[in-house]
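Undergrad: Converting from the sequence shown to this note's numbering requires adding 24 to each position, the first position being numbered 1.
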Amino acid sequence: MKVTDLSGLPDGVPAFLQSQGIEELYPPQAEAVEAGVTDGRNLVASVPTASGKTLVAKLAMLSSIERGRQNGTGGTALYIVPLRALASEKAEEFAELEQFGLSIGVSTGNYQSDGEWLGDNDVVVATSEKVDSLIRNGATWMQNLSCIVADEVHLVDDASRGPTLEVTLAKLRQRIPDLQVVALSATIGNAGEIADWLDAELVDSTWRPIDLKTGVHYGNALHFDDGSQRELAVGSKSQTAAIVDDTLADDGSTLVFVNSRRNAEAAARRLAGVTGNGLDTEERAALREVATQIREVSDTETSENLADAVEKGAAFHHAGLAREHRSLVEDAFRDRLIRVVSATPTLAAGVNTPSRRVIVRDWQRYDGTAGGMQPLSALEVHQMFGRAGRPGLDPYGEAVLLASSHGELEELFDRYIYADPEPVRSKLAAEPALRTHVLATVATGFATTRTALLEFLQETLYASQTSEVGRLETVTESVLAYLERNGFLEREGDGLTATPTGHLVSQLYVDPMSAAEIIHGLEDGGPDPTALGLYHLVSRTPDMYQLYLRSGDDETYTEIAYEREAELLGHAPTEFEEAEWEDWLSALKTAKLLEDWAEELDEDRIAERYEVGPGDIRGKVDTAEWLLNAAERLAAELDVESTTAVREARIRVKHGVSEELLDLVRVDNVGRKRARRLYDAGIESRPELREASKPRVLGALRGRTKTAETVLESVGHPDPSMDDVEGDEDAAPEEPDRDGAEAQANLGDF
Ligand code: ADP
Numbered sequence: 025m026k027v028t029d030l031s032g033l034p035d036g037v038p039a040f041l042q043s044q045g046i047e048e049l050y051p052p053q054a055e056a057v058e059a060g061v062t063d064g065r066n067l068v069a070s071v072p073t074a075s076g077k078t079l080v081a082k083l084a085m086l087s088s089i090e091r092g093r094q095n096g097t098g099g100t101a102l103y104i105v106p107l108r109a110l111a112s113e114k115a116e117e118f119a120e121l122e123q124f125g126l127s128i129g130v131s132t133g134n135y136q137s138d139g140e141w142l143g144d145n146d147v148v149v150a151t152s153e154k155v156d157s158l159i160r161n162g163a164t165w166m167q168n169l170s171c172i173v174a175d176e177v178h179l180v181d182d183a184s185r186g187p188t189l190e191v192t193l194a195k196l197r198q199r200i201p202d203l204q205v206v207a208l209s210a211t212i213g214n215a216g217e218i219a220d221w222l223d224a225e226l227v228d229s230t231w232r233p234i235d236l237k238t239g240v241h242y243g244n245a246l247h248f249d250d251g252s253q254r255e256l257a258v259g260s261k262s263q264t265a266a267i268v269d270d271t272l273a274d275d276g277s278t279l280v281f282v283n284s285r286r287n288a289e290a291a292a293r294r295l296a297g298v299t300g301n302g303l304d305t306e307e308r309a310a311l312r313e314v315a316t317q318i319r320e321v322s323d324t325e326t327s328e329n330l331a332d333a334v335e336k337g338a339a340f341h342h343a344g345l346a347r348e349h350r351s352l353v354e355d356a357f358r359d360r361l362i363r364v365v366s367a368t369p370t371l372a373a374g375v376n377t378p379s380r381r382v383i384v385r386d387w388q389r390y391d392g393t394a395g396g397m398q399p400l401s402a403l404e405v406h407q408m409f410g411r412a413g414r415p416g417l418d419p420y421g422e423a424v425l426l427a428s429s430h431g432e433l434e435e436l437f438d439r440y441i442y443a444d445p446e447p448v449r450s451k452l453a454a455e456p457a458l459r460t461h462v463l464a465t466v467a468t469g470f471a472t473t474r475t476a477l478l479e480f481l482q483e484t485l486y487a488s489q490t491s492e493v494g495r496l497e498t499v500t501e502s503v504l505a506y507l508e509r510n511g512f513l514e515r516e517g518d519g520l521t522a523t524p525t526g527h528l529v530s531q532l533y534v535d536p537m538s539a540a541e542i543i544h545g546l547e548d549g550g551p552d553p554t555a556l557g558l559y560h561l562v563s564r565t566p567d568m569y570q571l572y573l574r575s576g577d578d579e580t581y582t583e584i585a586y587e588r589e590a591e592l593l594g595h596a597p598t599e600f601e602e603a604e605w606e607d608w609l610s611a612l613k614t615a616k617l618l619e620d621w622a623e624e625l626d627e628d629r630i631a632e633r634y635e636v637g638p639g640d641i642r643g644k645v646d647t648a649e650w651l652l653n654a655a656e657r658l659a660a661e662l663d664v665e666s667t668t669a670v671r672e673a674r675i676r677v678k679h680g681v682s683e684e685l686l687d688l689v690r691v692d693n694v695g696r697k698r699a700r701r702l703y704d705a706g707i708e709s710r711p712e713l714r715e716a717s718k719p720r721v722l723g724a725l726r727g728r729t730k731t732a733e734t735v736l737e738s739v740g741h742p743d744p745s746m747d748d749v750e751g752d753e754d755a756a757p758e759e760p761d762r763d764g765a766e767a768q769a770n771l772g773d774f
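1) Under the rule that 16 or more other beta-carbon atoms within 10 Å means buried, what is T192, buried or exposed?
2) Return the bridge partner residues of K248 from the DSSP annotation.
3) Taking 7 angstroms as the limit between beta carbons, can you name the residues of its chain near V664, skipping five residues before and five after?
4) Which partner residues of T100 appear in the DSSP bridge assignment?
5) Contact check, G421 vs R380 under 8 angstroms by CB: the rounded distance?
6) Quick one: what's got a C-beta closer than 7 angstroms to R657's C-beta in the same chain, skipping five residues either side?
7) In three-state DSSP terms, what is R108?
8) Any heavy atom of the ligand ADP closer than 7 angstroms to the CB of G421?
9) When the Cα of K26 is compared with those of Q42, G32, L33 and A755, which residue comes out closest?
10) Shortest alpha-carbon distance to M166 belongs to which of R588, D156 and G96?
11) Please return the same chain residues whose Cβ sits closer than 8 angstroms to the Cβ of E579, not counting the five positions on each side in sequence.
12) Give the straight-line distance between the Cα atoms of A756 and E684, rounded to the nearest whole angstrom.
13) Quick one: is the Cβ of S75 within less than 7 angstroms of any heavy atom of the ligand ADP?
14) Within 7 angstroms: the Cβ of E48 and any heavy atom of the ligand NAP?
15) Determine the burial state of W650: buried for a count of at least 16 other Cβ atoms within 10 Å of its Cβ, exposed for fewer.
16) Identify whether N161 lies in helix, strand or coil by the three-state DSSP scheme.
17) When you measure from the CB of G45 to every non-hydrogen atom of the ligand ADP, does any distance come out below 7 angstroms?
18) Using only the heavy atoms of the ligand ADP, determine whether one of them is closer than 7 angstroms to the beta carbon of Q53.
19) In terms of residue numbering, what span does the alpha helix (DSSP H) encompassing L226 cover?
20) Taking a contact to mean a Cβ-Cβ separation below 8 angstroms, would you say R91 touches G64 in this structure?
21) Any chance the CB of T78 is under 7 angstroms from a heavy atom of the ligand ADP?
22) Can you tell me whether K21 is buried or exposed, with buried defined as 16 or more other CB within 10 angstroms of its CB?
23) Could you give the distance in angstroms between the alpha-carbon of L520 and the alpha-carbon of Y506?
24) Run through DSSP, which three-state label would S18 get?
25) Relative to the ligand ADP, is the shortest distance from any of its heavy atoms to the C-beta of V71 smaller than 7 angstroms?
26) Who are the near neighbours of D577 in its chain, counting only those whose CB is closer than 8 angstroms to its CB and skipping five residues on each side?
27) Expressed to the nearest angstrom, what Euclidean distance is found between the alpha-carbon atoms of V68 and R449?
28) Could you spell out the range, first to last residue, of the alpha helix (DSSP H) harbouring Q53?
29) Compute the Euclidean distance between the alpha carbons of R385 and L400, then round it to the nearest angstrom.
30) Whole angstroms is fine: what's the gap from I584's alpha carbon to P566's?
31) Which term fits D444, buried or exposed, when burial requires 16 or more other beta carbons within 10 angstroms of its beta carbon?
32) Going by the beta-carbon positions, is the gap between T299 and V364 smaller than 8 angstroms?
33) If I measure Cβ to Cβ from A423 and keep anything under 6 angstroms in the same chain, skipping five residues before and after, which residues do I get?
Rendered as structure tokens:
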């Protein structure tokens, strides 16, 4: 099917697609159109990675918007992404649709708003959590949705995030009568079941735009799925290095999937030795430029390690990196400057970074709940495989696993090469998932009786898949009892009503169990809880992903737990309740990180002390800020006296500063470091900054003219210009050299 055969789209769309080099629809895309995706029909498309699912989504959204325009009903299209990081990326991709008079909105912000402004857009991009929270906060514009696209719908199988996607889809479908639902999925075993659940047409295809050979490297040869073999000698190198080298000899790039961040970093360091050899002067200069940009993102060891590898044409990619780091790496890889990236599976999920070869080096990863190494699923491995081969650029793609014995070679063929991907199963019928969704369903008035609640739950994928009669009802009952016990809802006969606190908890988008923990802690904590006490309290909730205890940590944090016992809120477990005690200590370790941050410890010192990356620090800080905001609202609702202490702890952790800097960090472009420098130069508040002598400001900001001007402008100075101003030496911060900083930090070490 040619793009010029498409109908029902805004004028100019086919010509625009042609200008992008898209003349002919890929076969699965043509199937989708034949199945009615441009006529408003529901569709499930289960097709391999990189086979053009996004275009199917665009066609669905464009035609739906065009229909709304023609018949005057309007209507917004909603694109649901699985990861926050993908929201902006997708929105950027959709920005090209603006030429057809469409406006694109992306909702990345915090929860707990109805995002009314979003409704003015034709296309909105958001995560399923954000969509769920918009529903909870009564966003009326959602009633005007005409089309929703769920990207990576196979993630309904994910225990932690799947239920939200599932419930959100079920709710929107029930609420909006003529809503078109398009669900995009990787190739899965039971796409038909998903299509049945959504009353959708099904496109189930294994077609790919570029040939993919899959196989296993063993000994000195690649063994492929078609039975062929190719010699690839390892020599004195590692298998991975030998394959990367072989790909380079053919002018190709390699993506290596490993099972941990540490392994990703170590592999990049080693593989830099391979890529570094063949670089010419021009490439070296370009890579140095990328490395400089990486170092500017943050001054942590992770950042430094990444920059070192990038200078030699290699990189790592994992969730511990800052977002700016990740996009620098992805761009340089697409530009073929970086020739090998070692990544944790985050890169397989969505980011468009194809390469000639993919190596799945580790096919097992540590799984805490299983207490040991567990094999990856075939679905996951196939998604990593799917990144091999760049259509139009590479002649073919190759994806390989590595075996170190003949037995392993056979096992890998059975497990991953010949195996079909697993079926996707709903994870809804678990208490943590239902706890939050049951409360929200009642609080939004979606169900006001137990009967109606159970009827709604019958519309979920879980209900359509399960053969365990009564299980959903049993779990729902125990969740209702929990919510009633904690004062979040009231029951009268069959009737269900959320209490004011229950309403608030639902809107705040926290797990009811987190809210209960926070409420008990605050009620116990008196009017003046300390920052550490509050950080510990929010770190204990199921909404905080706590730091692991490493060897030796047990002792360290047990000691701190006793030293600062009086500050910790709520009922402490004893050392004999082992699991609870461990949890208490992990939360304490997390809280100490937050306290260090709020006491202005350098980012790199924190990274070292807790063995985390800059992305982790920001993640913990964001989560703490969000939970403390919830705590502040709950404290006000319940008339607990500590509201002021909670607010202060929240603002301090948000900016990473002590109390005395709180006024200065309110100036745009003044972060924790600049605020400290200004303060130490005697400029302690915004009025003082406006009045301060320019040489003093310039001196405090280390003579950086541009920075000083921006800062003065931000604080509303009538004449921020620094022309002819000399920095005052006395105001210059004393920055201890690296060794000095170490010595000083060690004094406060524990
Ligand atoms: P998926 O979402 O399935 O992983 P994408 O939608 O990102 O894959 O598509 C991969 C690439 O293929 C994109 O660069 C896209 O522009 C290109 N593409 C999609 N459809 C076509 C087509 N019909 N003809 C040529 N290129 C296409």
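Glycine included, every Cβ here is placed at the ideal spot set by N, Cα and C. In this text, all values refer to a predicted model and were calculated from it rather than measured experimentally.
TA: Here's the rundown:
1) Numbered from its first residue, the sequence shown carries residue 192 at position 168. Note on T192: 16 or more other CB atoms within 10 angstroms of its CB, so buried under the neighbour-count rule.
2) Working through the sequence shown from its first residue, we reach residue 248 at position 224. According to the sequence as given, residue 248 is Phe; it is not Lys. Beta bridge pairing from DSSP links F248 with G239.
3) Here residue 664 refers to the residue found at position 640 of the sequence shown. If we look at V664 and ignore the five residues flanking it on each side, its Cβ neighbours are L546 and E547.
4) Translated into positions along the sequence shown, residue 100 becomes position 76. Note: T100 sits in a beta bridge opposite L169.
5) Start at 1 with the first residue of the sequence shown, and residue 421 comes out as number 397. Start at 1 with the first residue of the sequence shown, and residue 380 comes out as number 356. Contact between G421 and R380 is confirmed by a C-beta separation of about 7 angstroms, below the 8 angstroms threshold.
6) Against the sequence shown, residue 657 aligns to sequence position 633. Within the same chain, Cβ atoms closer than 7 angstroms to the Cβ of R657 are found at L528 and L532, the five residues on either side in sequence being excluded.
7) Start at 1 with the first residue of the sequence shown, and residue 108 comes out as number 84. Judged by DSSP in its simplified three-state form, R108 adopts helix.
8) To locate residue 421, count along the sequence shown from 1; it is residue 397. Because no heavy atom of the ligand ADP lies under 7 angstroms away, the Cβ of G421 does not count as near it: no.
9) Within the sequence shown, residue 26 is the residue found at index 2, counting from 1. Looking at Q42, G32, L33 and A755, the one whose alpha-carbon comes closest to that of K26 is Q42.
10) Within the sequence shown, residue 166 is the residue found at index 142, counting from 1. The shortest Cα separation from M166 among R588, D156 and G96 belongs to D156.
11) Locating residue 579 in the sequence shown gives position 555, counting from the first residue. So the list is empty, once near-sequence residues are dropped.
12) As a working mapping, residue 756 is identified with position 732 in the sequence shown. As a working mapping, residue 684 is identified with position 660 in the sequence shown. Taken atom to atom, the span from the alpha-carbon of A756 to that of E684 is near 19 angstroms.
13) Taking the first residue of the sequence shown as position 1, residue 75 is located at position 51. Yes, since a heavy atom of the ligand ADP falls inside the 7 angstroms radius drawn around the Cβ of S75.
14) Here the bound small molecules are the ligand ADP; the ligand NAP is not part of this structure.
15) On the sequence shown, position 626 is the one that residue 650 refers to. Flag for W650 reads buried.
16) Walking along the sequence shown from the start, residue 161 turns up at place 137. Looking at N161 - three-state DSSP - the assignment turns out to be coil, as it is neither helix nor strand.
17) The residue you call residue 45 lines up with position 21 of the sequence shown. It does: the Cβ of G45 is within 7 angstroms (strictly closer) of some heavy atom of the ligand ADP.
18) Numbered from 1 along the sequence shown, position 29 holds the residue referred to as residue 53. Yes, the Cβ of Q53 comes within 7 angstroms of a heavy atom of the ligand ADP.
19) Within the sequence shown, residue 226 is the residue found at index 202, counting from 1. Counting along the chain, L226 falls outside any alpha helix (DSSP H), though it belongs to the beta strand (DSSP E) covering E225 to D228.
20) If you number the sequence shown from 1, residue 91 lands on position 67. If you number the sequence shown from 1, residue 64 lands on position 40. Yes, the pair counts as a contact, with Cβ atoms nearer than the cut-off.
21) Here the question's residue 78 lines up with position 54 in the sequence shown. Distances taken from the Cβ of T78 to the heavy atoms of the ligand ADP include one shorter than 7 angstroms.
22) The structure shown does not extend to residue 21, since the chain is modelled only from 25 to 774, so the question has no answer here.
23) Position 496 of the sequence shown holds residue 520. Position 482 of the sequence shown holds residue 506. Using only the alpha carbons, I get a separation of about 13 angstroms.
24) The structure shown does not extend to residue 18, since the chain is modelled only from 25 to 774, so the question has no answer here.
25) Within the sequence shown, numbered from 1, the residue matching residue 71 stands at position 47. Yes, Cβ of V71 sits closer than 7 angstroms to a heavy atom of the ligand ADP.
26) Working through the sequence shown from its first residue, we reach residue 577 at position 553. Same-chain partners within the cutoff: L609 and K613.
27) Locating residue 68 in the sequence shown gives position 44, where the first residue counts as 1. Locating residue 449 in the sequence shown gives position 425, where the first residue counts as 1. One Cα belongs to V68, the other to R449, and the distance between them is close to 16 angstroms.
28) To locate residue 53, count along the sequence shown from 1; it is residue 29. Unbroken alpha helix (DSSP H) run through Q53: P51 to E58.
29) In the sequence shown, counting from the first residue as 1, residue 385 sits at position 361. In the sequence shown, counting from the first residue as 1, residue 400 sits at position 376. Between the C-alpha atoms of R385 and L400 there is a straight-line separation of about 12 angstroms.
30) By 1-based counting over the sequence shown, the position of residue 584 is 560. By 1-based counting over the sequence shown, the position of residue 566 is 542. For I584 and P566, the distance between alpha carbons rounds to 22 angstroms.
31) In the sequence shown, counting from the first residue as 1, residue 444 sits at position 420. That one is exposed.
32) On the sequence shown, position 275 is the one that residue 299 refers to. On the sequence shown, position 340 is the one that residue 364 refers to. Judged by their CB atoms, T299 and V364 are nearer to each other than the 8 angstroms cut-off.
33) For the purposes of this step, residue 423 is identified with residue 399 of the sequence shown, where counting begins at 1. Answer for A423: T238, V382, F409 and A412, listed in chain order.
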